[in-house]
Amino acid sequence: MRLSRSLVPTLKETPAEAQIASHRLMLRAGLVRQTSAGIYAWLPAGWRVLQNIARIVREEQDAAGAQEMLMPTIQPADLWRQSGRYDAYGPEMLRIRDRHDREMLYGPTNEEMITDIFRQSVKSYRELPQNLYHIQWKFRDEVRPRFGVMRGREFLMKDAYSFDLDYEGAVISYRKMMLAYMRTFQRLGLKAIPMVADTGPIGGNLSHEFIILAPTGESQVYYDAAFEQIDPASGEFSFDSNADLARCYERLTTPYAATDEKHDPVAWEGVPDRREGRGIEVGHIFYFGTKYSEPMGLAIAGPDGKPLVPHMGSYGIGVSRLVGAIIEASHDDAGIKWPDSVAPWKAALLNLKQGDAACDAICTDIYRRLGNDLLYDDREDRAGVKFADADLMGHPWHIVVGPRGAANGKVELKRRATGERTEVSVADALARIA
RNA sequence: CGGGGCGUAGCUCAGCCUGGUAGAGCACAGCGUUUGGGACGCUGGGGCCGGAGGUUCGAAUCCUCUCGCCCCGACCA
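Using my numbering, the letters of the first sequence map in sequence onto residues 671 to 1104.
Written out as structure tokens, the structure is:
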């Protein structure tokens, strides 16, 4: 994309409403604009990041055998009456009436809806297990939205729902998701730690939160340094092997890890290499058995012909929250440092001297080759402005084309994460980035 | 939902206490000089001072109500 033709409104100064780094940088880098408290418009650069995160989440869900679908944002109140949650959920749920005065709501989650869909079509134990997910906007009317997209009212979430014949099957589904989550977060450039968690209003009795470490995290966390060695994406574990899943689960849940609410000072004393810090919750998985299938009348024919009530679990990832979380974990004073996997563009191309024949020729050439993967800063601005904006926006690579090097076909390649700069030929620059 | 604070130009903010024709810096447009880390000069455009009532000859400024937003706490992907 050409920056001169793009809506990427970077700000030199920090808007007054932003307190924490990620919120500040998301506004300054032109990723989002707030439209109401806790509700954001995603501008082109931010939307690209959001889609990149969603893509990785999707790939790992698919790899774990989950099926993607899409459920609506607006749901009928009736469904929630069947589970008993319509009254239980409280003012956090945005309730709406349509023109016929029917009670509707903007979904904060989809257990009821998926259970309803599932019970309409699935009749036999032969069709289980299944895991269905979607990536959809949710709304929770938080009393106090804050921290930008990290605690918004409207947010994009991946939520998956598993259906199994019994507890043993549900545990396997649960472990698959745990592995998929670890791989997902690793691909996003994050170190995530599964911690024993409260189940909250979703309910159930087996639950882990996925916490990433960041100094500005919302909760105090305690964990064994052993987690720093775990590499879930090594390929060591297969989704198809129950033995692998069991080993993976054990490795991920044996060392001590807990948030403030679940912290056990006595057990903590016995941890060999203790670490404390702040954490951001980016995912949450639950097993809740028949909490929804039972009251909502989901029953299928079992092998003996008798009705069988499936055991369920649900698995959430805060996709929009992750944008903020990644920035919290990866930035410096100058701006964002995007991991390659989620960056809005692979690289920025800085033409330091618009109108210089050599600079223009090199830039045109590079732009023709990389096109949409590249943000071409072709603005009529001074070099300093372009450097500052490129650092702020956090592109993984900066290709700097100035009159000094351009004369003999050289460009400067800068790695944003490390600050390392090298002077290379155009061909070498393209090869490094590819 | 309790406590605190703020709404003045696209952004950061001054002016309000003590009422008298709306300000600065940045950004934007034009011209000139600059040109490898957020340049300089000149000129120019841009505001129903969040909204509604009230007090007053006169309100950004004082009073009442209201809406919005932010922060701390209690609660959550």
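All C-beta atoms, glycine included, are put in the ideal place defined by N, C-alpha and C.
Cβ-based burial, residue i [other Cβ within 10 Å; buried from 16]
| i | result |
| --- | --- |
| residue 989 | buried |
| residue 942 | exposed |
| residue 750 | buried |
| residue 1008 | buried |
| residue 807 | exposed |
| residue 935 | exposed |
| residue 959 | buried |
Residue i in three-state terms, based on DSSP
| i | result |
| --- | --- |
| residue 947 | strand |
| residue 840 | helix |
| residue 776 | strand |
| residue 1016 | coil |
| residue 693 | helix |
| residue 1117 | With the chain represented from 671 up to 1104, any question about residue 1117 goes unanswered, as that position is not in the structure. |
| residue 907 | coil |
| residue 1084 | strand |
| residue 912 | helix |
| residue 1021 | strand |
| residue 982 | strand |
| residue 807 | strand |
| residue 759 | coil |
| residue 1037 | helix |
| residue 864 | strand |
| residue 814 | coil |
| residue 939 | helix |
| residue 1050 | coil |
| residue 767 | strand |
| residue 1008 | coil |
| residue 1075 | helix |
| residue 1094 | strand |
| residue 819 | helix |
Integer-rounded CB distance, given that residue j should sit under 8 Å from residue i
| i | j | result |
| --- | --- | --- |
| residue 1059 | residue 1024 | The pair is not a contact, with the Cβ atoms about 15 Å apart (cut-off 8 Å). |
| residue 776 | residue 809 | 4 Å |
| residue 1081 | residue 1089 | Between residue 1089 and residue 1081 the Cβ distance is about 17 Å, and since that is not below 8 Å, they are no contact. |
| residue 804 | residue 741 | 5 Å |
Limits of the beta strand (DSSP E) - the one that residue i falls within
| i | result |
| --- | --- |
| residue 745 | 744-746 |
Extent of the continuous alpha helix (DSSP H) to which residue i belongs
| i | result |
| --- | --- |
| residue 722 | 714-733 |
| residue 961 | Where residue 961 is concerned, there is no enclosing alpha helix (DSSP H), given that its DSSP letter is neither H nor E. |
| residue 993 | 989-999 |
| residue 785 | 781-791 |
Residue i beta carbon near the ligand NAD (any heavy atom closer than 7 Å)
| i | result |
| --- | --- |
| residue 746 | This structure simply doesn't include the ligand NAD, nor any ligand for that matter. |
Inset, instruction - Determine contact between the segment 811-826 and the segment 729-741, defined as no fewer than three beta-carbon pairs at a distance below 8 Å. - result: Segments in contact, no.
Legend entry - Meets three-Cβ-pair contact criterion under 8 Å: the segment 709-725 and the segment 678-691: When Cβ pairs closer than 8 Å are counted between the two stretches, the segment 709-725 is seen to touch the segment 678-691, the count reaching three or more.
Legend entry - Inter-stretch contact at 8 Å, needing at least 3 Cβ pairs: the segment 967-974 / the segment 905-912: Because the criterion of three Cβ pairs below 8 Å is not met, the segment 967-974 and the segment 905-912 do not touch.
Inset, instruction - Spell out a yes or no on whether the segment 941-957 and the segment 880-891 are touching, meaning 3 or more CB-CB pairs, one atom from each, closer than 8 Å. - result: A contact is defined here as three or more CB-CB pairs under 8 Å, and the segment 941-957 meets this definition with respect to the segment 880-891.
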